[in-house]
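Heads up, the sequence shown is in this note's numbering, so the first residue is 515 and it goes up one at a time.
Have a look at the structure below before the remarks.
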Amino acid sequence: MAIVSADAARIDRPYLQPQPIDWTRPLTPNALAVIAVLENPDLKAQRAKVGVTDAQAFAARLLPDPQVQANYDKLLAGPDMFDAFGGQLAMDLNQLRTARVERQSNEAGKRQVRLDLAWAEWQAAGQARLQGVRILALARQLAIAKASAASAEQLFEASLRAGGRGDISGADVDTRRQAALDATDKARQADTDLGAAQMELNKLLGLPPETVLRIAPPPEPVQAPNPATLVSQAITRRLDLQALRAGYDAAEADVHKAILDQFPNLSLTLASARDTSDNRTIGPAIGFTLPLWNRNRGGIAIATATRAQLKAEYEARLFQTRAEITTAVTGIDTVRQQRADLLAKLPAMKRIADASATAVKRGDLSSAAAATAEQAVRDRELTLSQLDQQIAEQTIALELLSGGPSEGWTR
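Okay, structure coming up:
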């Protein structure tokens with residue numbers, strides 16, 4: 515835990531700020547995000563890939579080594595008096611010709627891998643925050659569901675006693691029994707959902723399954739701007755789109771390399787020798803491939819098709835981003851309107867429930883009628899909690915789609 519806290523104070527990731535992490539206090543949504551980035555097992559494995567691309571980019575900057583050959587011939591018989599020997603120093607000039615585009619391709623590839631990693635970290639951070647919001651909402655819903663189940667069970671027991679006295683019919687008792695079963699099932703399902711959300715959060719954070727975290731309430735979700743603004747920000751901020759652009763740059767460099775490879779591959783050799791007659795020679799040799807049939811046309815076709823594929827993939831991702839952002843903004847607006855309508859009706863329902871409780875104390879109303887009024891309020895509060903959960907989760911999802919935190923939506 516101390517190591518995680520120390521790493522969290524030094525974190526340097528896009529759109530994530532260093533966070534103080536105190537495991538003895540409730541963890542804020544941003545603290546959950548930072549822990550996910552630092553400790554998620556999948557991200558740790560993905561970060562190992564960055565070292566491979568860094569090594570490839572480093573290798574592309576190195577000059578090719580010259581090739582050295584030497585030979586020695588021992589004179590066994592004959593009129594000559596000397597042993598023969600020779601040496602060659604060769605250089606592959608083709609690697610020098612393509613060195614620049616090789617460096618461009620590998621640097622773009624390294625940038626793409628780093629951006630893909632940063633995008634995966636951003637997604638993991640958002641998922642951790644989303645699970646935190648979900649856990650808090652499900653905990654509230656579980657408390658309401660348990661209260662409803664307890665009330666329904668009390669009404670059922672009262673109806674059993676009344677049915678035994680003959681005050682109500684068997685059909686009324688059966689109705690109360692079914693209502694109690696339904697309320698118990700809802701409470702059980704809420705408990706199951708809460709446990710699943712807690713397990714998923716522990717998995718995201720790389721923590722043991724039995725870990726129980728205390729989570730601080732998130733800030734109030736901000737109002738989302740119009741979709742056009744978010745799409746414009748997403749084009750600039752989304753790291754996966756930047757990674758695709760880097761991949762296109764790498765493909766562009768690969769096309770240039772394939773074009774250069776259609777020209778003759780040159781090699782330059784400097785040779786020196788002495789034969790058994792003590793004749794000494796020195797001279798250069800040039801070797802090249804005749805571009806008669808192949809001319810690397812297959813390589814050029816593959817590189818060009820790959821570039822076209824990446825361009826189409828980028829355009830498809832951009833189209834999908836526009837559609838998803840528009841759908842998310844519309845969905846949030848719809849849920850906010852539903853929440854406002856429910857809030858407008860809730861005070862009147864609470865007044866009726868309070869009045870019913872007062873009437874029960876005066877003996878003017880049955881306990882069952884008052885319990886029904888209280889249950890109606892709980893049902894609306896449960897719906898309100900579910901709407902709040904949808905708004906919070908969809909706001910985080912919109913942050914993931916737009917490529918940055920909601921604090922930047924208005925800038």
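Where is the CB? At the ideal position from N, CA and C, for every residue including glycine.
Check                                                                                                                                                                : Outcome
Between the stretch 606–614 and the stretch 783–799, do at least 3 Cβ pairs fall closer than 8 Å?                                                                    : no
Applying the criterion that 16 or more other CB atoms from any shown protein chain within 10 Å of the CB defines a buried residue, is residue 590 buried or exposed? : exposed
Once you ignore the five residues that flank residue 863 on each side, which residues in its own chain have a CB closer than 7 Å to its CB?                          : 890, 891, 894
Go through its chain and collect everything with a Cβ distance to residue 460's Cβ below 7 Å, but skip five positions before and after it.                           : The requested residue 460 is not part of the displayed model; the chain covers only 515 to 925.
Exposed or buried, which one is residue 567 when buried takes at least 16 other CB atoms within 10 Å?                                                                : buried
So which of 538, 540, 923, 669 has the shortest CA-CA distance to residue 735?                                                                                       : 923
Quick one: grab the DSSP three-state call for residue 668.                                                                                                           : helix
Compare the C-beta of residue 544 against all C-beta atoms of chain C and say whether one is closer than 7 Å.                                                        : The chain labelled as chain C is not found in the depicted structure, where only one protein chain is given.
Taking the runs of the beta strand (DSSP E) that are 3 residues or longer, which of them lie wholly in the stretch 529–608?                                          : 581–587, 598–606
Please report the distance separating the alpha-carbon of residue 538 from that of residue 917.                                                                      : 31 Å
Would you mind giving the Cβ-Cβ distance between residue 615 and residue 771, rounded to the nearest angstrom? I have them listed as a contact below 8 Å.            : 4 Å
Near residue 634, which residues of its chain fall below 7 Å by C-beta distance, leaving aside the five closest residues on each side in sequence?                   : 557, 560
Going straight from the alpha carbon of residue 935 to that of residue 777, what length do you get?                                                                  : Since the displayed the chain opens at 515 and closes at 925, residue 935 lies outside it and no answer follows.
What distance in whole Å lies between the Cβ atoms of residue 704 and residue 753, which are believed to be in contact at a cut-off of 8 Å?                          : Going by Cβ atoms, the distance from residue 753 to residue 704 rounds to 36 Å, so no, they are not a contact pair.
Reducing DSSP to helix, strand and coil, say where residue 738 ends up.                                                                                              : coil
For residue 795, write down the residues that DSSP places opposite it in a beta bridge.                                                                              : 787
Residue 662: which of 888, 908, 749 sits nearest, CA to CA?                                                                                                          : 888
Is residue 801 helix, strand or coil by DSSP?                                                                                                                        : strand
At which residue ranges does the stretch 864–920 contain complete alpha helix (DSSP H) runs of 4 or more residues, listed in the order of the chain?                 : 881–916
Going by DSSP, what residues sit across from residue 470 in a beta bridge?                                                                                           : No information on residue 470 is available, as it lies outside the stretch 515 to 925 that the chain covers here.
Going by the beta-carbon positions, is the gap between residue 638 and residue 550 smaller than 7 Å?                                                                 : yes
I'd like the list of long-range same chain contacts for residue 789, defined as Cβ closer than 6 Å, with 5 residues on each side in sequence excluded.               : 598
Give me the DSSP bridge partner(s) of residue 729.                                                                                                                   : 541
Please state if the CB of residue 646 and the CB of residue 910 are separated by a distance shorter than 7 Å.                                                        : no
Hey, how far is the Cα of residue 666 from the Cα of residue 697?                                                                                                    : 7 Å
Whole angstroms is fine: what's the gap from residue 693's alpha carbon to residue 829's?                                                                            : 53 Å
What residues in its chain sit with their C-beta under 8 Å from that of residue 836, if we drop five residues either side in the sequence?                           : 741, 745
Nearest by alpha-carbon distance to residue 722: which of 915, 756, 921, 555 is it?                                                                                  : 555
Determine the direct distance from the alpha carbon of residue 832 to that of residue 643, and round the result to whole angstroms.                                  : 25 Å
State the start and end residues of the unbroken alpha helix (DSSP H) segment that holds residue 712.                                                                : 684–719
Suppose contacts are defined by Cβ-Cβ distances below 7 Å. Is residue 576 in contact with residue 784 by that definition?                                            : no
Can you check which of these residues, 826, 859, 908, is closest to residue 849 by C-alpha distance?                                                                 : 908
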